[in-house]
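The sequence shown lines up with residues 244 to 1511 when you count with the working numbering. Glycine included, C-beta positions come from ideal geometry on N, C-alpha and C. Single-structure report; data block below.
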Amino acid sequence: MMKKKSISASKASLVLFLCQMISALDVPLDSKLLEELSQPPTITQQSPKDYIVDPRENIVIQCEAKGKPPPSFSWTRNGTHFDIDKDAQVTMKPNSGTLVINIMNGGKAEAYEGVYQCTARNERGAAISNNIVIRPSRSPLWTKEKLEPNHVREGDSLVLHCRPPVGLPPPIIFWMDNAFQRLPQSERVSQGLNGDLYFSNVQPEDTREDYICYARFNHTQTIQQKQPISVKVFSTKPVTERQPILLTPTGSTSTKVELRGNVLLLECIAAGLPTPVIRWIKEGGELPVNRTFFENFKKTLKIIDVSEADSGNYKCIARNMLGSVHHVISVTVKAAPYWITAPRNLVLSPGEDGTLICRANGNPKPNISWFANGVPIAIAPEDPSRKVDGDTIIFSHVQERSSAVYQCNASNEYGYLLSNAFVNVLAEPPRVLTPANKLYQVIADSPALLDCAYFGSPKPEIEWFKGVKGSILRGNEYVFHDNGTLEIPVAQKDSTGTYTCVARNELGKVQNEVRLEVKDPTMIIKQPEYKVIQRYGQVSFECIIRHDSTLLPTVIWLKDNDELPDDERFLVGKDNLTIMNVTDKDDGTYTCIVNTTLDSVSASAVLTVVAAPPTPAIIYARPNPPFDLELTGQLERSVELSWIPGDENNSPIRHFVIEYEDGLHEPGVWHYQTEVPGTQTTVQLKLSPYVNYSFRVIAVNEIGRSQPSEPSEQYLTKSANPDENPSNVQGIGSEPDNLVITWESLKGFQSNGPGLQYKVSWRQKDVDDEWTSVIVANVSKYIVSGTPTFVPYEIKVQALNDLGYAPEPSEVIGHSGEDLPMVAPGNVQVHVINSTLAKVHWDPVPLKTVRGHLQGYKVYYWKVQSLSRRSRRHIEKKILTFRGNKTFGMLPGLEPYSSYKLNVRVVNGKGEGPASPDKVFKTPEGVPSSPSFLKITNPTLDSLTLEWGSPTHPNGVLTSYILKFQPINNTHELGPLVEIRIPANESSLILKNLNYSTRYKFYFNAQTSVGSGSQITEEAVTIMDEVQPLYPRIRNVTTAAAETYANISWEYEGPDHANFYVEYGVAGSKEDWKKEIVNGSRSFFVLKGLTPGTAYKVRVGAEGLSGFRSSEDVFETGPAMASRQIDIATQGWFIGLMCAVALLILILLIVCFIRRNKGGKYPVKEKEDAHADPEIQPMKEDDGTFGEYSDAEDHKPLKKGSRTPSDRTVKKEDSDDSLVDYGEGVNGQFNEDGSFIGQYSGKKEKEPAEGNESSEAPSPVNAMNSFV
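So this is what it looks like as structure tokens:
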């Protein structure tokens, strides 16, 4: 570490921070090492700060932590120690700090309200959790009140107050009628943010007696309802028009405070006739683009993800033809604390320096306070190495006792942030993580990398030795990497041996030996040669190799870079490939590939197949090889070669090819030199210095190439300076702090003399600096360490040998290593073009922050939810890459009427930078898909019943269905087309006044506000006479499954004496259905021998009746029970007991029936028929609406889970907007406006608490379903 002579006080923090950045230890991710090193505790999981729990369920307060040694856990409650051993209802999970409070066995959730905090402690410090505030959810009952009818004059305004009971969390409010149908809302009638129902002006159709406000409490899955409110509108002629006045808010100005990052909701609801239109503006500015939304018919202004810049005055203006009124809302955006720089864990060696930095912002600016091991630092044990300077703790010359966990708390009046960061001071002797005696094998003349992974504290110094008693390795022939690796750029045979790595620090020394073996390269000494063969002949290619005796080679032959044909004519021998009975398709290139575990070589030759010559005919063949080669006129850089041509074999020689061999550098390897016309037999050849030349000549005619001539005599040219420098010089960093200079080495003959080396020079571009040079061995790479990140360098590489230097090389520009980009693109904006396409814009990041070659930008986008279904799904992120410095791009293939998020990241050669903040955008509505099905049933003389399913992809809010139909006569001609518009909440229609015995064709499609979707068609026929045809069908298949069997029951309509069968199989399996025959005409059957815990599919069919079957049902068997358990349902005593109970119930029912018939109708019954109490709402059994029934308990909320129809579904024909269609999954989720999604169902039913203290109120859906 650098020693400082003098440091001013103002620069102390910066210098210490730099020291910390330089000296902080990196702990390798070695599992064995991590298990051995001590580490202070770290909180890994904890419950949320504000934790609202279900008072009916056990309370689980999470606290998980890791550390070495494993931490112990303790808790405080309301600031004092919480002794869980003294409370039988509280347990702590083993090896964990998680508390489980047993509420289901007698505990009261209210008794455990409070503020909890977890501490995880070991010998190196203590980490603490957030303050976890535990509060049980509450859903109190509505105060019963007597409401007077509202008598309102037509055109006047009206407000129906909801005033729901105060719950925890607050309830969701929605208005419905007695039939559980949502009350329609519009610009004239709408629900305010406070839950009240506002009428800008009342109309005669507003008269009704069942305006009911419902409050849904999500946590307990309960719904409470208010007494019905009666509204009676009386008319006066003429109706007086009125200019707008504001119903809410009152006055001309108001204020609103919202927190940064939250959703800002501003509301203006006006009265007037005609109905006023609302408009919003921001005084002195514009409404934020892409974050502003209008809801509730523009009466609500919604701004998401608000920031301080959104503060200001917002004006709503209500206007109709008679005038306008406005209201100004002054919005102030405050901010709970948020991190700028959260403290990070620090690992130091004894004597080192470091800093912990904790920076947060907020409005008002948060206060920063420090804790050590959970204790305020002002009263914590003193540590002389520690100094607190506001939001920074400075550590100087730390010791092992300085290890601790520090907590930074940033708080203001709107919240707090708490972060744990440990300082772990380790004094560890060196240890080498590379296995001992590890063997490395390389091919001669290639690089060798010998690993020495290490760890120690302080950081050890690494030295390498060759042999047991060898001297320390130094010099340019070795490269020493910071991670301990020794690189031998050009390993030779004499590099073989044992190498010792020594790691030492002040606490000790350790060494490790590895072995290096340098193998001879694999060579093909006899390569396959070009062949011309007549059709149906035989040809052979040779491939003779030489390899290191310790390596096992494998030889593979390819044809045209693919496997050899699977043909017995191809015979692969040890050193050759033979092709028998050659055909035209055997023409091509044949390659011999030799592989070992360390290297691979290959050689290729072409086979040309020619037609067999006619007999007798002139024989054309390749020429014979030239002979009698002679060298004359030998000079330093040239020589004359002459030869005598061989027989041309009836095909003139077109040209001669001259090749040379360098016996000094590459013996046995022939290189192309030049070629001359076939009429020339001498050539002047240019030569290079320091090459031992031999030449050979090949003659070429139309048929092919001759065999090479015998080599000429050898001629050794004199040495000289290199004529040229390495080519393809590049400078590309592999790490952010280095510059890797590479080049293509000169070939052997290009060295021009012995002792070939390279002078590598570099200097930073545009900086007044001298060249830095180093001379390296005959390698092709040099690494410059300690460079700044991604700066340009001027680079040149010059060749030299024992006689001198090559000419001055040209300079190239390279760059040091890239690092990940620093900043995310800003000002990300999304412009939605249509329902499936959006355009995203962003500001380019400053080039200096890219820290590398800008490759482009990546846009990550994903669908959050469908706006029509309000259901989330598995998030599948999509990525689009835009090359170069583009600042916009198109996002195709979006789904209509959906909410999306996206972010943008800049990309360089190192990778991706940080993501921009997620941007939310929504696609508009599109046209829907076709309805999921259309069924036509119950044909009569003049009517048909149509049933349909809603579109699979509504792509918006359905407005209606369009039904078109026309008759078809016996000649298949179409009659006039009739069109009917059907409300979107309908799922069936009885079409009357049709012609008897007539075929009709139906066209059916759905509509959104955008337009009509694709249609489906169906045909049906009305019946011929009054005799009602009997259509056999099996419906309402139900299952009751146990562990290994299931009871199947069904309802049958059709002719008597049907023979039933049951088919079943594993759900999702493609195996054939298994079939069981039902004895007699029973409507039930027991499937036995099922596998526990398995999902099955089942269906019921009837034989002999056109083979019709029921729809499929799916059930799941119960989990496997322990073998010692006995199925009580199969015990004789239990069956007898159940029969007795059933008989007793039957007798009681008969007695009750007789007494009821004698009793007549009572006045109380008549009062109930008049709906005196809206909370007592019986249901008719035939259509799912309320009929004659009364609840004996007064003021009892509706409870869910009491009734389901026989087919386990609630009929949908009555209304698509009824409660039974509002729910999601098994938890019965609601929209924010109080509407249900999907079929409503909740958790398992609980027993209500006594009196009015109950926090649970049952659902009205289940009250509906409870009347059987």
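Neighbour flag for residue i against chain B, beta carbons, 8 Å
i      : result
ASP810 : Included in the structure is just one protein chain, with no chain B present.
Residue span of the alpha helix (DSSP H) that contains residue i, given as start and end
i       : result
LYS1091 : 1090-1093
Anticipated Cβ contact below 8 Å, residue i with residue j, distance rounded
i       : j       : result
ASN667  : PRO283  : 6 Å
ASN655  : ALA579  : 7 Å
PRO997  : ASP1045 : 5 Å
ARG485  : GLY527  : The Cβ separation is near 32 Å, so there is no contact.
THR1079 : PRO1171 : Contact flag wrong, Cβ pair sits at about 14 Å.
ILE455  : LEU507  : So it is not a contact: roughly 31 Å between Cβ atoms.
CYS361  : CYS306  : 4 Å
TYR441  : ILE512  : 5 Å
Burial state of residue i, where buried means 16 or more other Cβ atoms lie within 10 Å
i       : result
PHE1358 : buried
HIS1074 : exposed
ASP818  : exposed
VAL837  : buried
SER949  : buried
SER994  : buried
PHE1131 : exposed
TRP707  : buried
ILE896  : buried
ARG717  : exposed
LYS542  : buried
ILE1393 : exposed
ASN234  : Because the chain is modelled from 244 through 1511, residue 234 falls outside the range shown and cannot be assessed.
GLY1254 : exposed
ILE250  : Summary for ILE250: the model assigns pLDDT 33, below 50, so the residue's position carries little reliability; its value from the coordinates is reported in the next sentence. Looking at its Cβ environment, which holds fewer than 16 other Cβ atoms inside 10 Å, ILE250 is exposed.
ILE1390 : exposed
ASP809  : exposed
THR985  : buried
THR1030 : buried
ASN1146 : buried
HIS1058 : buried
N-terminal and C-terminal residue of the beta strand (DSSP E) that residue i is part of
i       : result
ARG188  : As displayed, the chain neither begins before 244 nor continues past 1511, which places residue 188 out of reach and without an answer.
CYS744  : 740-748
VAL926  : 925-929
PRO965  : Taken as a continuous stretch (DSSP letters only), PRO965 belongs to no beta strand (DSSP E), as it is neither H nor E.
CYS695  : Looking at the DSSP string, CYS695 is not in any beta strand (DSSP E), and its letter there is neither H nor E.
ARG459  : 451-460
HIS1058 : 1055-1058
TYR936  : 935-944
TRP1105 : 1099-1109
ARG562  : 555-563
ASP439  : Note, ASP439: premise wrong, no beta strand (DSSP E); not H, not E.
THR724  : Reading off the sequence shown, one finds His at residue 724, where the question assumed Thr. First-last for HIS724: undefined, no H or E at that position.
Residue(s) in a DSSP beta bridge with residue i
i       : result
THR324  : In the sequence as presented, Thr is not what sits at residue 324; that position holds His. DSSP lists THR319 as partners of HIS324.
TYR1243 : PRO1210, ALA1263
SER1028 : ASN981
ALA1081 : VAL1075, LEU1134
ASP905  : GLU909, TYR936
CYS1382 : For CYS1382, which the question treats as bridged, DSSP gives no partner whatsoever.
LEU489  : ALA513
MET766  : ARG789
PRO1174 : PRO1194
Inside the stretch 603-689 only - beta strand (DSSP E) runs reaching at least 3 residues:
610-615, 629-632, 635-638, 647-655, 658-668, 671-675, 681-686
Note down, one range per segment and in chain order, each beta strand (DSSP E) of at least 3 residues found wholly within the stretch 390-425.
Fully enclosed beta strand (DSSP E) runs of 3 or longer: 393-396, 401-403, 415-419.
Which runs of the beta strand (DSSP E) at least 3 residues long sit entirely within the stretch 322-377? Give them in chain order.
333-335, 342-344, 357-365, 368-371
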